[in-house]
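Undergrad:
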Amino acid sequence: MLHRGRTVTEWYAHGLAPDAQHLIFSVSKSIAGTVGGILTGQGRLDPEAPVVRYLPELKASVYGGCTVRHLLDMSVSEAD
454 MLHRGRTVTE
464 WYAHGLAPDA
474 QHLIFSVSKS
484 IAGTVGGILT
494 GQGRLDPEAP
504 VVRYLPELKA
514 SVYGGCTVRH
524 LLDMSVSEAD
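Under this note's numbering, the first residue of the sequence shown carries the number 454, and numbering increases by one thereafter.
What follows is the structure in C-alpha cells.
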C-alpha cells in the first residue's frame with residue numbers, strides 16, 4: 454500500500470516475494486492491446502504488416518510468418 458508516494462505496507466500471497474517473478478498474462482495482453490490500438494490510431498503501427506517489419510529478429514521464430522494483427526488478436530502459438 455502506498456501513502457503519499459511511499460510504501461507503508463506490503464503483502465505477498467502464495468509464497469511470492471518482492472523479488473519473485475509473477476505471471477501477469479492478462480495484464481500484459483491488456484497493456485499490449487491498448488498500446489497497439491493507440492499506435493494504430495496514430496498511424497505508427499500497421500496491423501496488417503508482418504511482425505518482422507517491426508521486429509526483424511523474430512524472423513526465424515514462430516512469429517516470423519505472422520502479422521501484427523495475429524499478435525493483437527492473440528491468434529499465434531507454437532502449435533500453429
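Glycine residues also receive a C-beta, built at the ideal position from the N, C-alpha and C atoms.
#1: Residues bridged to residue 456 by DSSP?
#2: Compare the beta carbon distance of residue 504 and residue 520 with 8 Å and say whether it is the shorter of the two.
#3: Quick one: Cα of residue 485 to Cα of residue 525, how far?
#4: Let's test the definition: count the other Cβ atoms within 10 Å of the Cβ of residue 465 and tell me whether it reaches 16, buried, or not, exposed.
#5: Whole alpha helix (DSSP H) runs in the stretch 498–524 with 4 or more residues, listed along the chain?
#6: Alpha carbon to alpha carbon, how far is residue 528 from residue 511? Give it in angstroms, no decimals.
TA: The short version:
#1: Position 3 of the sequence shown holds residue 456. DSSP output for residue 456 lists 459 as bridge partner(s).
#2: Residue mapping note: residue 504 aligns to position 51 of the sequence shown, counting from 1. Residue mapping note: residue 520 aligns to position 67 of the sequence shown, counting from 1. Going by C-beta atoms, residue 504 is nearer than 8 Å to residue 520.
#3: Sequence index remark: in the sequence shown, residue 485 carries index 32 (1-based). Sequence index remark: in the sequence shown, residue 525 carries index 72 (1-based). Taking the straight line from one Cα to the other gives about 8 Å.
#4: Residue mapping note: residue 465 aligns to position 12 of the sequence shown, counting from 1. Exposed: under 16 other Cβ atoms inside 10 Å.
#5: 504–507
#6: Taking the sequence shown and counting its residues from 1, one reaches residue 511 at position 58. Taking the sequence shown and counting its residues from 1, one reaches residue 528 at position 75. Each residue's Cα considered, the two are about 16 Å apart.
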